[in-house]
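Numbering (the working numbering), first residue to last: 344 to 431.
The beta-carbon is built from N, C-alpha and C at its ideal position, and this holds for glycine as well.
These figures come from a predicted structure and were not determined experimentally.
Structure record follows, encoded as structure tokens.
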């Protein structure tokens, strides 16, 4: 279903393919995001682009590189915002 849905979105030009791929890693295309942050989870509540592992998506694991922690311009409050900014 996800692949068909992604193809339909791309064909309709509603979203570009990089953004869809970024969101598809998490399976959140067309679904509400879940708040997975909180104490004890190891997650910071912010998303950052995963350029070290080349996953093609944004992560929310609290392991963002030190340089990204120095500036909020690398961090996003939502997966969609992060994907839109760094995987256009």
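Beta carbon of residue 411 nearer than 7 angstroms to that of residue 391: yes
Identify whether residue 430 lies in helix, strand or coil by the three-state DSSP scheme. coil
Counting only the same chain and skipping the five closest in sequence on each side, list residues whose C-beta sits under 7 angstroms from that of residue 365. 399, 400, 401, 426 and 430
Which residues does DSSP list as the beta-bridge partners of residue 436? Residue 436 falls outside the range modelled here, since the chain spans only 344 to 431, and no answer is possible.
Beta-bridge partners of residue 401, as assigned by DSSP: 392
What residue does the alpha helix (DSSP H) around residue 364 start on, and which one ends it? 360–367
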